[in-house]
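Participant: For the protein sequence lines, the chains are A and B, in the order given.
Per the numbering used here, the first sequence starts with residue 58, numbered consecutively.
Per the numbering used here, the second sequence starts with residue 76, numbered consecutively.
Using N, Cα and C, we set each Cβ at its ideal position, and we do this for glycine too.
The structure presented is a predicted model; accordingly, all values stated were derived computationally and were not measured.
My questions all concern the structure below.
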Amino acid sequence: MRIFLLIVLMLSFSVNGATQLTIWHMSKELDTDYKAIAARYSAINDDVNVTVHFFPNEELKSSALRAFNQHSSPDIIIFSSDNVGYADVMRLSVLPADMIAPTMPAAVKDALQYRNKHFSVPLFAGNHLLMFYNKALVDKPASDWHQLMAQHPTLKAKGVKTLALNYQEPYWFALFASLFGATLVDSNSDNATLNTPAMQQALIFYQQLATTGVVNGQCNYRCVSEDFFNGDYAYAVNGTWALAEAKERLGTNLGITLFPQLDGRHIAPLASYIVMVFPNNALSSEKSNHIKHLVDFFRQPEHLAPIAQRHYLIPYYQSYTAINTDQPSDIQVDAKINEQRRFTQLMPASAAMVSVWNGMQKGMMLYQNNTLDAAAAAELMQRVSTRDQRLLKTDVQ
Amino acid sequence: MKKKWSLKNLLITQFVLCAMIPALLLSSLLISEFRTIQTAEQIIKQRAQTEKALLQVEFELEKLALQLQQLTADSHAALAASSGIFAPNARNSLLQIADQHPLAKAVLLVDTTSWAVEAVPIDAMLLSLAPIESQLAALFEQDYTATKSTYLVSSAELTKSLLKATTDKRPLNPELNPEIIPDVIVMQLPLKLSDGTANDPRSRLTGAIVAFLPVHSIKALIEQYTADATLQNIYWQDQALLTTLSADEDRVLTSATLAVPGLATTLTIDFATSKTTVLSAITAMTYRYTLITFVFLTVVLLIGWFFVRLEVKPITSLNALVRRYAQGDLQQGQQYFPFSEFEQIAAVLHTMAVKLREHQELLEGRVEQRTIELQQAVTELNNTNAELVKMQQQLVEAAKLSQIGILVAGVAREITAPITKSLEATNALQQENLHINQAMQNNVLKRSVLENYIQESKMNIIQLNQHLRRADELIQSFKAVAVDQSVEQRRNFILYEYLQQVMLSLRYELGQYQVKIDIKGDQILVVQSYPGSFSHILTNLVLNSLQHGFSSDQPQSISIDFSVLADGQLQIIYRDDGAGMPEPVLNRIFEPFFSMAGQQGGSGLGLSIVYNLVTQRLKGSIVCESQPGHGATFIITLPIRIVVKHRKNVDA
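Pasting the structure below:
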């Protein structure tokens, strides 16, 4: 229904004569900021009307695909860079050369390439999960999972829950997969690599956290955000996108720490860029110039810098300058983010990468339901991911 | 002793029974009526409830079918069958349906290879679709022409998997559901991608939505809606799906049908309610009533006890009052009672007591007077008795005198004849003498006259002599008897002779009758005793026979046998053949003054004197045997001293 209204709105604007540019994104925290930039752009450019719409991650992807049939595709989608793996099914426009700045750092260039092509324009880097803690509840944050588990009885005695995890989200589970050395995809072959002993260990450990009560198996995003901000949890794992609100809600009680180690092994949070893509070959449409103009406008430092500062992100300006050089708002937090960032693992923009989540979630749930053992769950993850990846290669249209 | 009823208990029982019997009868009737009404109402209620429940289930099934249909219209679902991108959306839709429709134990989104793309609950991902393989294959073969269908498959394995994989928070209670119904209703809807709504070759079948609804779950839901009725069985095309039936007890049975959207025929469902449950309200009411009755009866009992106590208390007091009166306490004053009736009784009793007391006092006075009079009478009686004894003695003496008189009279009579004869002879002699004398004086004496005179004188002298002798004999005899009767001296006498003499002394009396006397015994036996007493005894016995036994106009006999018994005692048996005596007379003949009625001449002391002489004087005994018409026999046994015994050789 929402999409239908959106289409009606877009059509109405077209009827009025102004070029309608639509941006869909999946970051609720940045919605206001995006809309502000769009509004500024629209204000400056009378012939262009930019509308910004937020959709949750999964809905955004499916809605984008469905929009093709209804000829109501957005012109720009802002999402995490790993989703570039949907380039085929979303008919993402390959960036023309003029949109690929020579000044783009090589590492970024490599990270954003899919099949040796550029489909996305980076806005921010530093999009990954962090370990938050409440200084009012934790004197010294655990640096080891055993320590954290040892703190559990004490915290429980105080009536405080230990760790908030968005338990059933595979993106959160991926942290623990990395703890046991599992890699979700093989970058070389662009295949999912989920059916591994490391994945099985991760499943077992993850389940153990729930069975010991360190985490609540029914926890969702509310736990890691609202409940943590309310002081119900001592620790929470949330994304960098939540830092601003966390700082606002907890103030000086907000602490950021490195993910605890397990027997010397580190967690490598999956990181991505926040990028702009152009579905349904938008850059080949009649609105391509307007789109390019809007992208340039967006990527001006005066627009991205405040957002990056507020949300602890690394902005990528049109000129690819001033990266990570802004004044941090909180020295301690920024330091820990930077420290954690050293352990992050960039999610490749690949079909394999975008295909692992569905399988991972089904495997996790079946294992958590005790329907499958760890080995069978890992095997199912692999099968589902393989199938999804195979389907991605098929033109759904 | 037979236990007596207590008035109090009777009254209390009466109270209780009067309260209880109508209450129980009325309540039994009412409860019976209530039960009938309740059963009829239950049938109506159960039918309404079950039909309503089935309507609710039908509504939910319709809603499910509609939502599944809507889901197929959502391109997300159709896309999800062919792309993992849409999996979360499809999953959310499936979750939403599953949440809203717990009847759908599993909802699967399958692609055209029967791969479970999404499943709710997640465990259903692993569900074996073999039981519906052919139906799915048929669906996929139809491609864009495929239509939705609903069918029933029977697979225990599938049902168990579904129930195991359920997300339903309600656990399957094996006790409440002892039998798993293996049948599953399957709703199968094709997923198609098309540009429009037209169902034409431009559409493409991408998969299907499959919803599994175990009949077991439907049954559970129906049971949830029909809490008051038990689902008895489910019939599909007249075939019972439940094979384990509930215990055969008294139940209220109704049937209703359940239409499953898309299913060719309806399911028929039987419901039952235990009559125990149906009538639970009545039973509860009965219990309540019983309790109320118990309380009521207790109250009635208490009231009854109170009233009975109130009623019985004056009775008890009255009882005590009467008992005291009965025990003779007539002095107590009038008591007052709460009831007028008792008051009146008490007043009457008091009046009676007063009168009784007066009468008692009067009686006591009279008794005292009577006692004095009695004592006087006793004294007088004693005096009289003494006088009587004296009189008796006098009479005895008089009797003795009478006997002596008799004897004297007899003597007089006996002696009169010889004396008269003697006097006649003397007179004749005097006349002869006178005649002779005159003749001599006149000298007219003649020889013949003299001779005649001499002859006559001789005759008269002889006659005179004879008569005087006779008189002498008589006098001697009478003298002997008279002396013995008047002077009791122990002496030796020949018993036989003495008895002859006694008989002789009674010649005159015996002469009045034709009596033959026969005395038998040792004629030389000499005994030492009181012969007078023997005389008295025999005289009285003979006189008794003559006066009371004999008739003067016919010959009679008296026999007297005496002998010495082996023990040395003398036995005298006096026997007559007179009229005899009846037993009542026989029993009293020895009593003083007893005389047979209608007979004259007796003093009534004769046999009494005999008795006294035998028993007191002679220290012996006497018995009498007699029967009317057979005479009387007196057997007298006497201790006696034998002076001369009969010698047997002499006698011989």
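Does any residue of chain A have a CB that is nearer than 9 Å to the CB of B/Asp198?
Facilitator: yes
Participant: Give the single residue among B/Ala173, B/Pro659, B/Gly282 and B/Ile197 whose Cα lies nearest to the Cα of B/Thr222.
Facilitator: B/Gly282
Participant: If we define contact as Cβ-Cβ less than 9 Å, is A/Gly308 a contact residue for chain B?
Facilitator: At a cut-off of 9 Å between beta carbons, A/Gly308 makes no contact with chain B.
Participant: Hey, quick one: how far does the alpha helix (DSSP H) through A/Trp202 stretch, first residue to last?
Facilitator: Trp202 to Ala214
Participant: DSSP state of A/Met188, grouped into three classes?
Facilitator: strand
Participant: Quick one: using the 10 Å Cβ neighbour count with 16 as the cut-off for buried, is B/Leu713 buried or exposed?
Facilitator: buried
Participant: Measuring CB atoms only, is the stretch 313–322 of chain A touching the stretch 231–238 of chain A, in the sense that at least three cross pairs come out at less than 8 Å?
Facilitator: yes
Participant: Starting from B/Trp311, follow its DSSP beta bridges and name the residues at the other end.
Facilitator: B/Gln314 and B/Leu342
Participant: For the alpha helix (DSSP H) that contains B/Leu780, what are its first and last residues?
Facilitator: The displayed coordinates of chain B run from 76 to 727. Any statement about residue 780 of chain B would go beyond what the structure contains.
Participant: Out of A/Ala293, A/Thr443, A/Ser329 and A/Val441, which one is the CA nearest neighbour of A/Lys218?
Facilitator: Closest by alpha carbon: A/Ala293.
Participant: Is A/Val107 helix, strand or coil when you go by DSSP?
Facilitator: In the displayed model, A/Val107 falls within a strand according to three-state DSSP.
Participant: Where do the N-terminal and C-terminal ends of the alpha helix (DSSP H) with A/His82 fall, by residue?
Facilitator: It is not in any alpha helix (DSSP H) - A/His82 instead sits in the beta strand (DSSP E) that spans Thr76 to His82.
Participant: Take the Cβ of B/Tyr649 as the centre, count every other Cβ of all protein chains shown within 10 Å, and call the residue buried at 16 or more, exposed below.
Facilitator: buried
Participant: Counting only C-beta atoms, is B/Pro265 closer than 9 Å to chain A at any point?
Facilitator: No - not a single Cβ of chain A is within 9 Å of the one on B/Pro265.
Participant: In or out: B/Gln516 buried (at least 16 other Cβ within 10 Å) or exposed?
Facilitator: Residue environment analysis places B/Gln516 among the exposed positions, since fewer than 16 neighbouring C-beta atoms fall within 10 angstroms of its C-beta.
Participant: Pull the bridge partners of B/His623 from the DSSP assignment, please.
Facilitator: The partner list for B/His623 (beta bridge, DSSP) is empty, contrary to what the question assumes.
Participant: By Cβ distance below 7 Å, which residues in the same chain neighbour A/Ile157 in space, the five residues on each side in sequence not counted?
Facilitator: His175
Participant: State whether the stretch 254–261 of chain A contacts the stretch 340–347 of chain A, with contact taken as three or more CB pairs (one from each stretch) at a distance under 8 Å.
Facilitator: Pairwise C-beta distances place the stretch 254–261 of chain A out of contact with the stretch 340–347 of chain A, as fewer than three of them are shorter than 8 Å.
Participant: Apart from the five residues on each side of it in sequence, which residues of its chain come closer than 6 Å, Cβ to Cβ, to A/Ser244?
Facilitator: Pro405
Participant: Of all the options B/Tyr300, B/Leu317 and B/Ala503, which has the alpha carbon lying nearest to the alpha carbon of B/Asn308?
Facilitator: Considering only alpha carbons, the answer is B/Leu317.
Participant: Counting only C-beta atoms, is B/Ala173 closer than 9 Å to chain A at any point?
Facilitator: no
Participant: Per the contact definition of three or more C-beta pairs closer than 8 Å, is the stretch 103–114 of chain B in contact with the stretch 383–390 of chain B?
Facilitator: No: the two stretches stay apart, fewer than three of their Cβ pairs being nearer than 8 Å.
Participant: Determine the DSSP secondary structure at A/Met404, reduced to helix, strand or coil.
Facilitator: coil
Participant: Would you verify that the beta carbon of A/Met422 is, or is not, closer than 9 Å to some beta carbon of chain B?
Facilitator: With 9 Å as the cut-off, A/Met422 counts as an interface residue toward chain B.
Participant: Ignoring anything shorter than 4 residues, give me the alpha helix (DSSP H) runs that lie fully in the stretch 675–704 of chain B, in order along the chain.
Facilitator: 681–687
Participant: Among B/Tyr528, B/Ser610 and B/Leu574, which has the Cα closest to the Cα of B/Gln564?
Facilitator: B/Ser610
Participant: Use the C-beta contact count for B/Asn248: other C-beta atoms within 10 angstroms, 16 or more gives buried, fewer gives exposed.
Facilitator: Note that B/Asn248 scores a pLDDT of 46, beneath 50, so its modelled location is shaky and nothing firm can be said.
Participant: Report yes if the CB atom of A/Tyr369 is closer than 9 Å to the CB atom of A/Thr297, and no otherwise.
Facilitator: Against a cut-off of 9 Å, the Cβ pair of A/Thr297 and A/Tyr369 comes out as a contact.
Participant: Measuring alpha carbon to alpha carbon, tell me which residue in B/Leu693, B/Asn687 and B/Leu85 is nearest B/Arg384.
Facilitator: B/Leu85
Participant: Quick check on A/Ser137: does DSSP put it in helix, strand or coil?
Facilitator: strand
Participant: In the stretch 333–379 of chain A, which residue ranges form an unbroken alpha helix (DSSP H) of at least 4 residues, counting only runs that do not cross its ends?
Facilitator: 345–355 and 358–367
Participant: I need the boundaries of the beta strand (DSSP E) containing B/Glu193, first residue and last residue.
Facilitator: Ala191 to Val195
Participant: Helix, strand or coil for B/Thr712? Go by DSSP, reduced to three states.
Facilitator: strand
Participant: Using DSSP's beta-bridge definition, name the partner residues of B/Arg650.
Facilitator: B/Ser634 and B/Thr708
Participant: List the residues that DSSP assigns as beta-bridge partners of B/Val429.
Facilitator: Note: B/Val429 sits in no beta bridge, so no partner.
Participant: Kindly indicate which residue of B/Leu498, B/Leu525 and B/Ser497 has the alpha-carbon position closest to the one of B/His510.
Facilitator: B/Leu525
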